[in-house]
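In my numbering, the protein residues as written are 47 to 262.
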């Protein structure tokens, strides 16, 4: 029992240490997020078409961040889409749906204070400032982030792609304060980067065990 207790204590301390390093990284790391840009070969007419066609998708994502999930908003995610932020990684539209449906339960209010959108051919970035008010607790905070969305026009049926349709989201990466995620590429000491990746996935798995569905 002594060895088990020692192992559990060491694991808990390591887990807390990884969390502490991620918080330190968010406070001190340089802003390193890449900005999208449409290529010089894209005409002004095509640029306007791309920007206009993505307005419903951008509005849907903003509504999700405002804790207003709906099936229409979440339909912009591909069935096998992924979501990653500094503390969670979600796999598939089901997990993403459940996570966004948890926001209204946890938050009294979620306000968008400002945002800008930049476009490239197959992805876009939303620079966003949110103010969140936690439910049942008199506490609110502002969180600036940069959201990268990679997009596809391929539609899926089961595991097959069956043709082109509207653009849907393949990957959703939210960089708090514009800081890169802690991973094996930027933190190898004591396996912290690798463990941070595993903890993100564990958190994503844990919070989505009970499936939630949004209103239509």
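In this text, a Cβ means the ideal position worked out from N, Cα and C, and glycines have one as well.
Bear in mind that the values here come from a model prediction, so they are computed numbers and not experimental data.
About 15 Å separates the Cβ atoms of residue 165 and residue 212, ruling out a contact at the 8 Å cut-off. If you check the CB distance, residue 214 and residue 122 come in under 8 Å. By the Cβ criterion, the segment 155-172 is in contact with the segment 73-93, since at least three pairs of Cβ atoms, one from each stretch, lie closer than 8 Å. In the three-state scheme derived from DSSP, where H, G and I count as helix and E and B as strand, residue 112 is classed as coil. By the Cβ test, the segment 110-125 is in contact with the segment 253-262, since at least three Cβ pairs between them sit closer than 8 Å. Boundaries of the beta strand (DSSP E) harbouring residue 155: 153-165, taken from the DSSP string. In the three-state reduction of the DSSP assignment, residue 117 falls in the helix class.
Cβ-Cβ separation between residue 112 and residue 156: approximately 5 Å, consistent with a contact (criterion under 8 Å). Looking at the DSSP output, residue 132 shares a beta bridge with no other residue. Around the C-beta of residue 86, fewer than 16 other C-beta atoms lie within 10 Å, and the residue is accordingly described as exposed. In this structure, 149 is the residue among 242, 192 and 149 with its C-alpha nearest to the C-alpha of residue 253. Between residue 153 and residue 178, the CB-CB gap stays under 8 Å.
8 Å or more divides the Cβ of residue 225 from the Cβ of residue 65.
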